[in-house]
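Novice: According to UniProt numbering, the residues represented by the sequence shown are 1 to 111, in order.
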Amino acid sequence: MNWLQKNNYIVVLFIAFVIMGAFLLIMDNGDSTYEHIEINHGDTLWSLAEQYRGNMTVQAWIEKVKLENGLKHEKIIAGQVISIPVNEDSIYMVQKETEENETIEVASREQ
Numbered sequence: 001m002n003w004l005q006k007n008n009y010i011v012v013l014f015i016a017f018v019i020m021g022a023f024l025l026i027m028d029n030g031d032s033t034y035e036h037i038e039i040n041h042g043d044t045l046w047s048l049a050e051q052y053r054g055n056m057t058v059q060a061w062i063e064k065v066k067l068e069n070g071l072k073h074e075k076i077i078a079g080q081v082i083s084i085p086v087n088e089d090s091i092y093m094v095q096k097e098t099e100e101n102e103t104i105e106v107a108s109r110e111q
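1) Looking only at C-alpha atoms, which of F14, K6, P85 sits nearest to Y52?
2) Would you check if the distance between the CB atom of E38 and the CB atom of G79 is smaller than 8 Å?
3) Note down, in chain order, each residue of its chain lying with its Cβ closer than 6 Å to the Cβ of W61, except the 5 sequence neighbours on either side.
4) Quick one: residues in its chain with C-beta nearer than 8 Å to the C-beta of H41, no 5 flanking neighbours on either side, listed in chain order?
5) Return the CA-CA distance between N7 and D43, expressed in angstroms with no decimal places.
6) Tell me the residue span of the alpha helix (DSSP H) that contains A60.
7) In whole angstroms, what is the alpha-carbon distance linking Q59 and K66?
8) Pull up the DSSP beta-bridge partners for V86, would you.
9) In three-state terms, what does DSSP make of E38?
10) Out of curiosity, what's the CA-to-CA distance linking A107 and N69?
11) Nearest-angstrom Cα distance between M20 and L13?
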């Protein structure tokens with residue numbers, strides 16, 4: 001007990017971590033998953049937002065992508081792989097190659 005009285009800053013720090021953890025658990029609504037995509041020629045964050053954002057605003061989606069990927073600007077480059085949030089209610093096209101090297105486009109909705 002004497003040690004805790006001398007080192008009360010550790011108790012305060014522990015309580016702060018517990019509060020932050022609880023806040024993050026409460027605020028996370030869990031409706032986003034992340035997907036890694038390769039940027040194609042002509043892609044912009046705005047065009048990707050229209051395709052993947054779901055019910056988020058375009059600006060909120062772009063800010064989330066920038067934060068997740070450490071981007072300082074909205075500029076993305078063809079060939080770059082970025083992690084994007086895919087909302088559960090967004091419908092997007094997926095290209096899948098079969099064993100016979102055929103490409104199939106499938107509309108997908110995260111459940």
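Glycine included, each C-beta is placed from N, C-alpha and C at the ideal position. Quantities reported herein were computed from a predicted structural model and do not represent experimental measurements.
Specialist: In short:
1) Just measuring C-alpha positions, the residue of F14, K6, P85 sitting nearest Y52 is P85.
2) Here E38 is near G79, since their CB atoms are less than 8 Å apart.
3) Exclusion of the five residues before and after W61 leaves A49, R53 as the residues of its chain whose Cβ lies within less than 6 Å of its Cβ.
4) Sequence-distant partners of H41 (beyond 5 residues in either direction) whose C-beta falls short of 8 Å from its own C-beta, in its chain, are A78.
5) Their backbone Cα atoms lie some 54 Å apart in a straight line.
6) In this chain, the alpha helix (DSSP H) harbouring A60 covers 58-69.
7) Q59 and K66 have their alpha carbons spaced roughly 10 Å apart.
8) Answer is T33, bridged to V86.
9) Three-state result, E38: strand.
10) Model confidence at A107 stands at a pLDDT of 49, short of 50, so the residue's coordinates are unreliable; what they give is reported in the following sentence. Rounded to the nearest whole angstrom, the CA to CA distance from A107 to N69 is 26 Å.
11) About 11 Å.
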